[in-house]
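Quick note on my numbering: the sequence shown kicks off at 63 and runs consecutively.
In this text, a Cβ means the ideal position worked out from N, Cα and C, and glycines have one as well.
The block underneath contains the structure these notes are about, expressed in structure tokens.
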Amino acid sequence: HKSFLIHNKQGRPRRERAARASTISSRLASVQQIPQYPEFYSFPPFFTIQPVSATRQKQLSLWRTLILNYHTHHRLKTMVVHDCPLWNNSEINRRLAPEALRDVVADFVKSGHGEWEDEGVKTRVRILWRRPEQLASDVYDWAVREGFVGSVCTLYELHSGEDVEGMSFQGADEELIRRALAILEDQGKCTVFKGDTSSEDGIKFF
């Protein structure tokens, strides 16, 4: 298992740095529990953007997979770019340089699995554990398998109910689930109707 350190920016109040370090440390402890953590993460050149195009594309693909798997495993909906623990591997004394970090994150967003929450300053990325079209397929397969075709469930039940435990959309961002449902509506596989609150909006599957 790998051991990583995060170096916080200087100048922040000591209490704030300590609290942030504690949060990151607990998150890193969870990272170390992931079985078969990828070997390429211990390969020093992985942290330097490669000049040869074919090699660089493979490298960026590995970064995309690593970022997505990490955030999906921990059910993290947002990546705060400067706080993400993946950029630094202190065991091999390697970290992504600022320019390389921008390239990696930009490529991840371009892949469709991330969206800037603050396009102007680019510090936070919404993580799409599954793309909307993938999630739409997952939701409908679940509805068929669990006998919800012809029945109604609420939006809350769809992302936080007991029947969705272990599903790809369990705990997913509500906006992302709505996009998936819009795709199913266009396909004639469901209809969404308003409830008393947003979470009580109903979905009937066909």
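Option nearest residue i by Cα separation, candidates the options
i: Pro-147; options: Thr-110, Ser-173, Tyr-103 and Val-171; result: Tyr-103
i: Asn-151; options: Ser-199, Gly-264, Thr-110 and Leu-220; result: Thr-110
i: Val-183; options: Glu-219, Val-142 and Gly-174; result: Val-142
i: Phe-105; options: Leu-158, Thr-140, Ser-115 and Asp-145; result: Leu-158
i: Phe-268; options: His-133, Ser-261 and Leu-243; result: Leu-243
i: Pro-107; options: Thr-134, Arg-156 and Thr-127; result: Arg-156
i: Arg-192; options: Glu-177, Glu-181 and Thr-185; result: Glu-177
i: Pro-194; options: Asp-235, Ala-162, Thr-140 and Asn-131; result: Asp-235
i: Thr-140; options: Gly-233, Arg-118, Trp-204 and Ala-116; result: Gly-233
Under 7 Å between C-beta atoms of residue i and residue j
i: Val-187; j: Phe-231; result: no
i: Ala-198; j: Ile-245; result: yes
i: Gly-257; j: Asp-248; result: no
i: Ala-169; j: Leu-217; result: Rather than Ala, the amino acid found at residue 169 in this sequence is Asp. Contact: no.
i: His-175; j: Leu-124; result: no
i: Arg-118; j: Ser-173; result: no
Reduced DSSP category for residue i - H, G, I as helix; E, B as strand; rest coil
i: Gly-228; result: coil
i: Thr-140; result: strand
i: Gly-174; result: helix
i: Ile-129; result: helix
i: Val-187; result: strand
Straight-line Cα distance separating residue j from residue i
i: Ala-91; j: Glu-101; result: Low confidence applies here, because Ala-91 scores a pLDDT of 43, under 50, leaving its location unreliable; read the following figure in that light. Rounded to the nearest angstrom, the two C-alpha atoms are 18 Å apart.
i: Ser-222; j: Val-211; result: 19 Å
i: Leu-138; j: Thr-253; result: 28 Å
i: Val-206; j: Lys-266; result: 12 Å
i: Leu-325; j: Glu-179; result: The question about residue 325 has no answer here: the residues shown for the chain are numbered 63 through 268.
i: Pro-113; j: Asp-165; result: 13 Å
i: Val-93; j: Val-214; result: Reliability of the predicted coordinates at Val-93 is poor, the pLDDT of 43 falling under 50, and the value obtained from them is presented with this limitation in mind. Rounded to whole angstroms, Val-93 to Val-214 spans 38 Å at the Cα level.
i: Asp-225; j: Thr-134; result: 19 Å
i: His-69; j: Ala-162; result: Caution applies to His-69, whose pLDDT of 34 falls short of 50 and renders its modelled position unreliable; the value that the coordinates give is listed next. Their Cα atoms are separated by approximately 17 Å.
i: Gly-209; j: Gln-196; result: 20 Å
i: Leu-128; j: Ser-261; result: 32 Å
Uninterrupted alpha helix (DSSP H) stretches inside the stretch 196-222 (no shorter than 4 residues): Runs found: 217-222.
Which whole runs of the beta strand (DSSP E) in the stretch 227-258 are 3 residues long or more, in chain order? Segments of the beta strand (DSSP E) lying fully in the stretch 227-258: 252-255.
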